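There are 2 protein chains.
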Amino acid sequence: MSDPVPQLPPQANRVLVVEDDPHLAAGVVENLRAEGYETHSVTDGRQALEWLGAEHVGLIVLDVMLPGVDGFTVCRTLREQGNNTPVLFLTARGDPADRVRGLEAGGDDYLAKPFHLQEFLLRVRAILRRWDWYRSASATAATAVLHFGGNEVDFRAFRARSWNGLAQELTEKEAMILKVLAEHPGEIVSREDLLERVWGYDVFPSTRTVDNFILRLRKRFERDPANPKHFLTVWGVGYRFMTEGES
Amino acid sequence: MSDPVPQLPPQANRVLVVEDDPHLAAGVVENLRAEGYETHSVTDGRQALEWLGAEHVGLIVLDVMLPGVDGFTVCRTLREQGNNTPVLFLTARGDPADRVRGLEAGGDDYLAKPFHLQEFLLRVRAILRRWDWYRSASATAATAVLHFGGNEVDFRAFRARSWNGLAQELTEKEAMILKVLAEHPGEIVSREDLLERVWGYDVFPSTRTVDNFILRLRKRFERDPANPKHFLTVWGVGYRFMTEGES
DNA sequence: CGCGGTCGTGACCGTTCGGTGACACAAGGC
DNA sequence: GCCTTGTGTCACCGAACGGTCACGACCGCG
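If you read the protein sequences in the order shown, they are chains A and B.
Its first residue numbered 887, the first sequence is counted upward by one per residue in the working numbering.
Its first residue numbered 887, the second sequence is counted upward by one per residue in the working numbering.
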């Protein structure tokens, strides 16, 4: 029982999304892609089984309520075929019993809609991490601790210490915005991008909301919030995050 | 900057079965293998400890009644050695006291024989799904006795002495919640995590229940329960346990 | 059968967070 | 310069969430 040299399964990075609501599917796919996953999507159970007959993925995101064959059945069918690909169920009802049914059908995890995007991504990552440990891929490049301009941010704990030594408790949204920005240092990130990545699949507050969170981040982390050096405005487009100030 | 992804062997997939009844052992092993787990099996406690001295697994399925060293002792010994591999106890008697004894010995879950294979597999999957989470727990010291802010908690006896010198008899749930929190000091633990680890994958008390136990723990151990320094709330997510208050 | 302890839930209330509108100001086009 | 458009900033409100309490179900025990 010696450890075999792990050969990276090529499907570790691939996700199949089975979801009939096009809006939800689009949001989910978008965010998975942004996290670095190769994503394919179909809208019902039969398509899913068909597609999986030819392709391999590391994770199947499977809606329970589907037109035609329901999600549980799809999963059970897969298992009977000897397909052990991890399955993450999505369900509309919050009924906890569904969770057990999902697990019994051979699923690996379960998420009730509406879900927090962050939680969804966390679970996806947790499941795929079984393969991910080989690759420090962009998928897991989620930096646990970020340093910039004397500030230190721990995304795992939503905590930070600003340049002046003050402890900062970040709220969820603040943390997520900062994280998205920090994942693209020096690049321009539009407000639309931020809305998609942070708010996710079906909620779209106005762009003013984004400005407000930028404001809050500046207050927390900029030495002179009125003359930001890290959270820069790109006029007419969006924002750009700089770890160290050179424009 | 980020935690280097460790080149860890895929232990998440490995299970050790310690069971003297060959019939039961065979059934369990066969089913675990069918589920894709790499499975090894031994028939008594001494073999188990020996084997574990050289190998690492993601889960130990441990019969309580074993020839020679009993299961509780095996588990306790492991914990004393700093081995925090999750342990799922199997016991012949349905005696609920065994559950407490299992917890006292440092076990993680408990199943009474005869059990449904389906349920057994579900528990195994539930535990291994969180493997990396358990793993980070074992990175922290396997403390049978926890000290924080003048409090002292003995998990084996469910007994504690609070900062003011008062003896505290913890209830089972209180102890388990505290244990789960304490295994991840400084990290956010979601209510879902707590529910799953303390109540199990198929029991669903409301989140208010969790809050209530936090409340009780605060009353027991916080100098000022209204301004907690150890049992901190993370808004919208869960709780965070701090052994010593540094902001 | 009553008793005490434990656990889970519902209800109430205060707090926090997120999102918006208003207004002032800055940037850029002509 | 002037006007338009976009952004900084603030104060505010509703909704969601957590803290807390009290009650009832349940269980083992005498």
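The beta-carbon is built from N, C-alpha and C at its ideal position, and this holds for glycine as well.
All values reported here derive from a predicted model rather than from experimental measurement.
1) Express the C-alpha separation of B:A1112 and B:T1119 in angstroms, rounding to a whole number.
2) Does A:P982 get closer than 7 angstroms to chain B when you measure Cβ to Cβ?
3) Using CA coordinates, which residue listed in B:F958, B:V1084, B:Q967, B:V1066 is at the minimum distance from B:F1127?
4) Any heavy atom of the ligand COA within a distance shorter than 6 angstroms of the CB on A:K1105?
5) Could you pull out every residue in the same chain whose Cβ sits closer than 7 angstroms to the Cβ of B:V950, ignoring the five residues on either side in sequence?
6) Listed from N- to C-terminal order along the chain, which residues in the stretch 1078-1098 of chain A have their beta-carbon within a distance smaller than 8 angstroms of any beta-carbon of chain B?
7) Return the residues of the stretch 1038-1066 of chain A that lie within a Cβ-Cβ distance of less than 8 angstroms from chain B, sorted by chain order.
8) For A:A1027, which residues in the same chain have their Cβ closer than 8 angstroms to its Cβ, ignoring the five residues on either side in sequence?
9) Quick one: does A:V943 have its CB under 7 angstroms from some CB of chain B?
10) Considering only C-alpha positions, which residue in the set B:P953, B:V986, B:I946, B:L952 is nearest to B:N969?
11) Could you tell me the distance, in whole angstroms, from the CA atom of A:L1101 to the CA atom of A:D1079?
12) Does the CB of A:L1014 have a neighbour CB from chain B at under 7 angstroms?
13) Going by DSSP, which residues form a beta bridge with B:N1037?
14) Whole angstroms are fine: how far does the CA of B:T1057 sit from the CA of B:T925?
15) Taking the C-alpha atoms as reference points, what is the distance between B:L935 and B:T971?
16) Apply the 10 Å Cβ neighbour rule to A:N1050 and answer buried if 16 or more other Cβ atoms are within range, or exposed otherwise.
17) Determine the direct distance from the alpha carbon of B:R1011 to that of A:T963, and round the result to whole angstroms.
18) At the level of alpha carbons, what is the spacing between B:F1117 and B:D1097?
19) Which class does B:A1061 belong to by DSSP, given the choice of helix, strand or coil?
20) Hey, how far is the Cα of A:L1008 from the Cα of A:H1002?
21) Between which two residues does the beta strand (DSSP E) harbouring A:Q933 extend?
22) Take B:Y1087 as the anchor and find which of B:D1018, B:W1121, B:L997, B:V904 has the nearest alpha-carbon.
23) I need the boundaries of the beta strand (DSSP E) containing B:F1090, first residue and last residue.
24) Comparing alpha-carbon positions, which option in B:P982, B:V943, B:H942, B:A991 lies nearest B:V960?
25) With a threshold of 7 angstroms between beta carbons, is A:H1116 in contact with chain B?
26) Pick from A:L910, A:E916, A:R919, A:V903: whose alpha carbon is nearest that of A:R932?
27) Would B:I946 count as contacting chain A if we go by Cβ distances under 7 angstroms?
28) Name the residue from A:S927, A:L918, A:N917 whose alpha carbon lies nearest to the alpha carbon of A:P908.
29) What residues in the stretch 991-1003 of chain A bring their beta carbon closer than 8 angstroms to a beta carbon of chain B?
30) Kindly list, in the order they appear in chain B, the residues whose Cβ is closer than 9 angstroms to that of A:N970.
31) On the three-state DSSP scale, how would you describe A:A1027?
32) Distance cutoff 7 angstroms, beta carbons only. Does A:L1008 sit that close to anything in chain B?
33) Would you mind reading off the limits of the alpha helix (DSSP H) that contains B:E1055?
34) To the nearest angstrom, how far is it from the Cα of A:S1133 to the Cα of A:P953?
35) Please classify B:E1073: is it buried, with 16 or more other beta-carbons within 10 angstroms of its beta-carbon, or exposed?
36) Can you tell me which of the three DSSP states A:H926 falls into?
In short, the structure shows the following:
1) 11 angstroms
2) yes
3) Out of B:F958, B:V1084, B:Q967, B:V1066, B:V1066 has the C-alpha closest to the C-alpha of B:F1127.
4) Absent from the structure shown: the ligand COA. Ligands present: none.
5) D956, G957, F958, F975, L976, T977, D984
6) none
7) Residues passing the 8 angstroms Cβ filter: R1042, A1043, F1044, A1053, T1057, E1058.
8) Residue confidence is low: A:A1027 scores 44 on pLDDT, short of 50, so the model does not pin down where it sits. Its coordinate-derived value is still stated next. Excluding sequence neighbours, A:A1027 sits near G922, E1069.
9) no
10) B:I946
11) 17 angstroms
12) Not one chain B Cβ lies under 7 angstroms of A:L1014.
13) Paired residues: B:F1034.
14) Going from the Cα of B:T925 to the Cα of B:T1057 covers about 35 angstroms.
15) 12 angstroms
16) Classification of A:N1050: exposed, given that the 10 Å Cβ count is below 16.
17) Looking at the backbone, the Cα of A:T963 and that of B:R1011 are separated by about 19 angstroms.
18) 11 angstroms
19) Here B:A1061 carries a helix assignment [DSSP, helix/strand/coil].
20) 10 angstroms
21) Premise fails: A:Q933 lies in the alpha helix (DSSP H), 931-940, not in any beta strand (DSSP E).
22) B:L997
23) From DSSP, B:F1090 is part of no beta strand (DSSP E); its letter is neither H nor E.
24) B:A991
25) Answer no: the Cβ-Cβ gap between A:H1116 and chain B never drops below 7 angstroms.
26) A:V903
27) no
28) A:S927
29) D994, D995
30) Here the neighbours are E921, G922.
31) Here the model assigns A:A1027 a pLDDT of 44, short of 50, so the residue's position is not dependable, and the following value carries that caveat. A:A1027: coil per DSSP, three-state reduction.
32) no
33) Taken as a continuous stretch (DSSP letters only), B:E1055 belongs to no alpha helix (DSSP H), being part of the beta strand (DSSP E) at 1053-1055.
34) Residue placement at A:S1133 is poorly supported in this model, since its pLDDT is 41, which falls under 50; the coordinates are not used for a value here.
35) buried
36) Strand at A:H926.
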